[in-house]
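Colleague: Counting with the working numbering, you get residues 497 to 710 for the letters of the sequence shown.
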Amino acid sequence: MLRKISKRTVKQIIQRSLGFGILITMFITGCATTKISSVWKDQSYQVMPHKIMIIGIAKKPANKRTLEDEFVKQINIHGTDAVVSYNILPEDKDGNKDFIAAKMKELGADAVLITRITSRESVYTTKAGTAYSPPTYYSTWSDYYEYSRINLNSANYIEETKYAIMETNIYDAGKNNLVWSASSATKISGNDQKFIKSYVSYIVENMVKQKLLK
Numbered sequence: 497m498l499r500k501i502s503k504r505t506v507k508q509i510i511q512r513s514l515g516f517g518i519l520i521t522m523f524i525t526g527c528a529t530t531k532i533s534s535v536w537k538d539q540s541y542q543v544m545p546h547k548i549m550i551i552g553i554a555k556k557p558a559n560k561r562t563l564e565d566e567f568v569k570q571i572n573i574h575g576t577d578a579v580v581s582y583n584i585l586p587e588d589k590d591g592n593k594d595f596i597a598a599k600m601k602e603l604g605a606d607a608v609l610i611t612r613i614t615s616r617e618s619v620y621t622t623k624a625g626t627a628y629s630p631p632t633y634y635s636t637w638s639d640y641y642e643y644s645r646i647n648l649n650s651a652n653y654i655e656e657t658k659y660a661i662m663e664t665n666i667y668d669a670g671k672n673n674l675v676w677s678a679s680s681a682t683k684i685s686g687n688d689q690k691f692i693k694s695y696v697s698y699i700v701e702n703m704v705k706q707k708l709l710k
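Here it is, written out as structure tokens:
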């Protein structure tokens, strides 16, 4: 269920999800799709993964496939191998950690990226109406009728902007420990596929900045 939140609340939600380590908070304004992003990295992890298994967690199977396909596509562009999990992990084994670990080893994946939507939130903004000048003369019914159809000042209105609070974690497959985490409030616009592609592009861009990809 969507609820009213402020930008301060969004920031607090994201910061609570990370907890410790080096935290980088970026505010992105204007027309940017992602408004706030918090990124954490284990500074002892100084290598780039050679092959990443992508696991998207979503209620809709189509969204899971889109998430995983888009991550693989964009990660491959940067010269790192990546593989989707939706055609490797059967549904009855989806929660079996030992099975997943065995598959990663079999495929030669040295890292696993897990991405999900943690919640959906709304931010409400009051927008001012447009002022109108009243007619200078409306003593006749026809003039008054015409004037009555025009608001002296159009009412203010509330604009709702919907955000998905997204979280993406990368784990070292060998040591099974978290090496990188990113959370953000991403504006939802258009269909799910458009939103997912925009989000993945933003995350991959940050992975490059954090030297996880070339």
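Glycine residues also receive a C-beta, built at the ideal position from the N, C-alpha and C atoms. All figures in this text were calculated on a predicted structure; none of them were measured in a lab.
#1: Among the candidates 613, 595, 556, whose CA atom is the shortest distance from the CA of residue 695?
#2: Can you tell me where the alpha helix (DSSP H) holding residue 549 begins and where it ends?
#3: So which of 618, 554, 616 has the shortest CA-CA distance to residue 590?
#4: Apart from the five residues on each side of it in sequence, which residues of its chain come closer than 8 Å, Cβ to Cβ, to residue 556?
#5: Can you find the residues in the same chain that come closer than 6 Å, C-beta to C-beta, to residue 520, ignoring five residues on each side of it along the sequence?
#6: Among the candidates 698, 618, 666, 547, whose CA atom is the shortest distance from the CA of residue 600?
#7: Using DSSP bridges, identify the partner residues of residue 610.
#8: Quick test of your reading: residue 609 and residue 551, contact by CB under 8 Å. State the CB separation rounded to the nearest angstrom.
#9: Which value, in whole angstroms, describes the spacing of the CA atoms of residue 662 and residue 563?
#10: Would you identify the three-state DSSP class for residue 568, choosing helix, strand or coil?
#11: First and last residue of the alpha helix (DSSP H) that includes residue 697?
#12: State buried or exposed for residue 517, treating a residue as buried only when at least 16 other CB atoms are found within 10 Å of its CB.
#13: Go ahead and pull the three-state DSSP assignment for residue 529.
#14: Measuring CB to CB, does residue 668 end up less than 9 Å from residue 606?
#15: Is DSSP giving residue 654 helix, strand or coil here?
#16: Going by CA-CA distance only, name the one from 703, 670, 657, 585 that's closest to residue 679.
#17: Mapping DSSP to helix, strand and coil, what is residue 605?
#18: Work out the CA separation of residue 637 and residue 522 for me, nearest whole Å.
#19: By a C-beta neighbour count over all protein chains shown, 10 Å radius and 16 as the cutoff for buried, is residue 593 buried or exposed?
#20: Flag this pair as yes or no: are the beta carbons of residue 712 and residue 659 separated by less than 9 Å?
#21: Taking residue 655 as the reference, which of 620, 666, 686, 685 has the closest Cα?
#22: Decide if residue 462 is buried, meaning its Cβ has at least 16 other Cβ atoms within 10 Å, or exposed.
Modeller: Working from what's here:
#1: The residue from 613, 595, 556 with its alpha-carbon nearest to that of residue 695 is 613.
#2: Element bounds for residue 549: not the alpha helix (DSSP H) but the beta strand (DSSP E), 547-553.
#3: 554
#4: So the list reads 688, once near-sequence residues are dropped.
#5: Note that residue 520 has pLDDT 38, beneath the 50 cutoff, so the model's placement of it is unreliable and no number is given.
#6: 547
#7: 551, 665
#8: Between residue 609 and residue 551, the beta carbon gap of about 7 Å places them in contact (Cβ cut-off 8 Å).
#9: Rounded to the nearest angstrom, the two C-alpha atoms are 12 Å apart.
#10: helix
#11: Note, residue 697: alpha helix (DSSP H), 688-705.
#12: At residue 517, the pLDDT of 41 sits below 50, so the modelled position is not reliable; the number obtained from the coordinates is stated separately. Exposed, because fewer than 16 other Cβ atoms sit within 10 Å of the Cβ of residue 517.
#13: coil
#14: yes
#15: strand
#16: 703
#17: coil
#18: Its pLDDT being 38, under 50, residue 522 is placed unreliably by the model, and nothing is read from it.
#19: By the 10 Å Cβ count, residue 593 comes out exposed.
#20: With the chain represented from 497 up to 710, any question about residue 712 goes unanswered, as that position is not in the structure.
#21: Closest by alpha carbon: 620.
#22: With the chain covering 497 to 710 only, the question about residue 462 has no answer from this structure.
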